[in-house]
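S.K.:
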Amino acid sequence: MKENFLTKFVSKIQIDWYMFVPAILLSLAGLVTMNSFSGEDQFLFRQSIWLLISVLIFLAATTVDWRFLRQTKILVPIFVSILGLLSLLLLIGQLTSGTQSWFQFGAFALQPSELAKLVLVLMLAKYFSRRHIEIRNIRHIIISGIYAALIFALVFLQPDFGGAMVIFGIWFGMVLVSGISKKHLIFVTILAIATSAILWTAVFAPYQKARIVSFIHPLADIQGAGYNAYQSTVAVGSGELLGKGIGQGSQSKLRFLPEYETDFIFAAFTEEWGFIGAIILLVLCLILLVRITTNAELAATNFETLFGLGVVVWFSLHLVVHAGMNMGVLPVTGITFPFMSYGGSHLLTEWFALGILSSMRRHSQGPRL
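Residue numbering for the sequence shown follows our numbering, beginning at 189 and increasing consecutively.
Shown next, in the form of structure tokens:
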């Protein structure tokens, strides 16, 4: 009985190697970097467990026909559930460094906002796929914005400024790929500027304002708000062309670079592997994003196309913001590097998304709907 189940399960697995190989290499690059400086920390051990679980989830996801997600009666309850989970987090979530973003389960923690990004992509893909002809109607921009705003608000209240900005970016990016008119694009841009002004004057905490100010003048306070950004740029620059070698990154090893395993793993990796290593890392990301985009363009339905493009927007935001803040050209916001940074929540969600994409590619046959 067990053998029959296992045989059937294995026969259903459909791996898109052009997605799997870059993703697994990125994950392994993260493990190598953590191993270089972990010492007595458990980053490598825990992340190895998360990676194993994530790959198993990816394989399982490839065996499922996810076309049932096109149904409103399925997707809306999922969306409502994630809102409930984020709301519950504000009541009983683990408070860490002033942020209430995790549910704690012993030695492991779960961050619901990562799953919320995937759910938002699915929700917007569903909404826009049904209304792609009418997308130029401002009503659809507003309604889709409400979906994103509900998640945005709950993430922002944690407070997780970086995560909230990614939520906004996913919505804005998917609105763009859905065919927004120039007139409405101007409206959305003005709305974003007005919202930013309100957030700055009435919502942002002093430490959040300090991060933005340190971005504009990164060397003005290198012992205070600009310290992390300064140490990160030093780490990236000190790697030069070929890097210092595995385990020889002084900025990370001597703890000058904080949170090297999460927020600044790109800097830690670049210090060891140099400019060449950074280029290889970014090429792997590019291969992955191009493959997802290509599959999206060949998808059988608008829902699958928009979901694929939404995942590209989501991954690209993390990649650009993380690399940008590590090189001192964007504010420090605590955004992870896809598949590479320490943390089980984002890793599980990203691999799960790849599993759904692989399954969709398998079922993308027949005339386009």
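Every residue gets a Cβ at the ideal spot worked out from N, C-alpha and C, and that includes glycine.
If we count Cβ pairs, one from each stretch, closer than 8 Å, do we get three or more for the region 501–508 versus the region 542–550?
M.R.: Not touching, per the Cβ criterion.
S.K.: Taking I334 as the reference, which of E460, F267, E428 and V478 has the closest Cα?
M.R.: Of E460, F267, E428 and V478, the residue nearest in Cα terms is F267.
S.K.: Going by C-alpha to C-alpha distance, which of F452, G462, F392 and I453 sits closest to S426?
M.R.: Comparing Cα-Cα distances from S426 to each of F452, G462, F392 and I453, the minimum goes to G462.
S.K.: Could you tell me if N325 is buried or exposed, where buried requires 16 or more neighbouring beta carbons within 10 angstroms of its beta carbon?
M.R.: Exposed, because fewer than 16 other Cβ atoms sit within 10 Å of the Cβ of N325.
S.K.: Which class does F527 belong to by DSSP, given the choice of helix, strand or coil?
M.R.: DSSP places F527 in coil when its eight states are reduced to three.
S.K.: Rounded to the nearest angstrom, what separates A488 and A313 at their Cα positions?
M.R.: C-alpha separation (whole angstroms): 14 Å.
S.K.: Give every residue of the same chain whose Cβ lies closer than 7 Å to the Cβ of S242, excluding the five residues on either side of it in the sequence, and list them in chain order.
M.R.: For S242, where only same-chain residues beyond five positions count, the Cβ hits under 7 Å are L535, L536 and W539.
S.K.: Below 8 Å on the Cβ atoms is my guess for F361 versus V501; work out the distance and round it to an integer in Å.
M.R.: What sits at residue 361 in the sequence shown is Gly, not Phe. Right, the Cβ-Cβ distance comes to about 3 Å (below 8 Å), so this counts as a contact.
S.K.: Return yes when at least one heavy atom of the ligand GDP lies under 8 Å from the C-beta of S289, else no.
M.R.: Absent from the structure shown: the ligand GDP. Ligands present: none.
S.K.: With a 10 Å radius around its C-beta and 16 neighbouring C-beta atoms as the bar for buried, classify A393 as buried or exposed.
M.R.: A393 comes out exposed.
S.K.: Just list the residues that DSSP pairs A484 with in beta bridges.
M.R.: Answer by DSSP bridge pairing: none, since A484 is not bridged.
S.K.: On the premise that L474 lies in contact with A217, defined as a C-beta separation below 8 Å, what is that separation, rounded to the nearest angstrom?
M.R.: Actually they are not in contact, since the Cβ atoms of A217 and L474 sit about 15 Å apart, beyond 8 Å.
S.K.: Going by other Cβ atoms of all chains shown within 10 Å of its Cβ, with 16 needed for buried, is S215 buried or exposed?
M.R.: When all chains shown are included, S215 counts as buried.
S.K.: Thinking just about the alpha-carbon of each residue, which of L342, P347, I355 and G367 is nearest to the one in H328?
M.R.: Checked all of L342, P347, I355 and G367; the closest Cα to H328 is G367.
S.K.: Suppose you measure from the CA of F208 to the CA of I386; what does that come to, to the nearest Å?
M.R.: Each residue's Cα considered, the two are about 42 Å apart.
S.K.: Helix, strand or coil for T377, going by three-state DSSP, please let me know.
M.R.: Reduced to three states, the DSSP call for T377 is helix.
S.K.: Which residues mark the beginning and the end of the beta strand (DSSP E) in which Q282 is found?
M.R.: Unbroken beta strand (DSSP E) run through Q282: Q282 to T284.
S.K.: Nearest-angstrom Cα distance between S529 and T377?
M.R.: Rounded to whole angstroms, S529 to T377 spans 31 Å at the Cα level.
S.K.: Once you ignore the five residues that flank L277 on each side, which residues in its own chain have a CB closer than 6 Å to its CB?
M.R.: Same-chain partners within the cutoff: P300.
S.K.: Can you name, in chain order, every residue of its own chain whose Cβ lies under 8 Å from the Cβ of I203, other than the five neighbours on each side?
M.R.: Answer for I203: L247, T250 and S546, listed in chain order.
S.K.: Where does F291 sit, in a helix, a strand or coil, going by DSSP?
M.R.: Correct three-state label for F291: strand.
S.K.: Any idea which residues DSSP pairs A297 with across the strands?
M.R.: DSSP output for A297 lists Q292 as bridge partner(s).
S.K.: Compare the C-alpha of I523 against each of T493, L257 and F349 and name the closest.
M.R.: Among T493, L257 and F349, the Cα nearest to that of I523 belongs to F349.
S.K.: Can you find the residues in the same chain that come closer than 6 Å, C-beta to C-beta, to F503, ignoring five residues on each side of it along the sequence?
M.R.: Same-chain partners within the cutoff: P526.
S.K.: Which two residues bound the contiguous alpha helix (DSSP H) that contains T250?
M.R.: Element bounds for T250: F231 to T250.
S.K.: Closest to I331 by C-alpha separation, out of L283, A297, I280 and V363, would be which residue?
M.R.: When only C-alpha atoms are compared, the closest one is V363.
S.K.: Among A211, Y315 and L429, which one has its Cα closest to the Cα of I467?
M.R.: For the residues A211, Y315 and L429, the minimum Cα distance to I467 belongs to L429.
S.K.: Can M513 and S384 be called in contact, C-beta distance under 9 Å?
M.R.: Taking 9 Å as the Cβ cut-off, M513 and S384 do not qualify as a contacting pair.
S.K.: Taking the alpha helix (DSSP H) that M515 belongs to, which residues open and close that run?
M.R.: That residue, M515, is in no alpha helix (DSSP H); it is neither H nor E in DSSP.
S.K.: Looking only at its chain, what residues have a beta carbon closer than 7 Å to the beta carbon of W254, apart from the 5 residues adjacent to it on each side?
M.R.: The residues are I544, S547 and M548.
S.K.: Taking Cβ positions, are I453 and T221 nearer each other than 9 Å?
M.R.: Cβ atoms of I453 and T221: closer than 9 Å.
S.K.: Kindly indicate which residue of Q230, F316, L342 and Q259 has the alpha-carbon position closest to the one of L273.
M.R.: Here the closest residue by C-alpha is L342.
S.K.: If I follow the unbroken alpha helix (DSSP H) through R255, where does it start and stop?
M.R.: Premise fails: R255 is in no alpha helix (DSSP H) and is neither H nor E.
S.K.: Over the uninterrupted alpha helix (DSSP H) stretch that includes A393, give me the two end residues.
M.R.: Counting along the chain, A393 falls outside any alpha helix (DSSP H), and DSSP gives it neither H nor E.
S.K.: Measure the C-alpha to C-alpha separation of V499 and T389 and round it to an integer number of angstroms.
M.R.: If I take the Cα positions, the gap works out to 32 Å.
S.K.: Thinking C-beta only, is W359 closer than 9 Å to F344?
M.R.: In this structure, W359 does not lie closer than 9 Å to F344 by Cβ.
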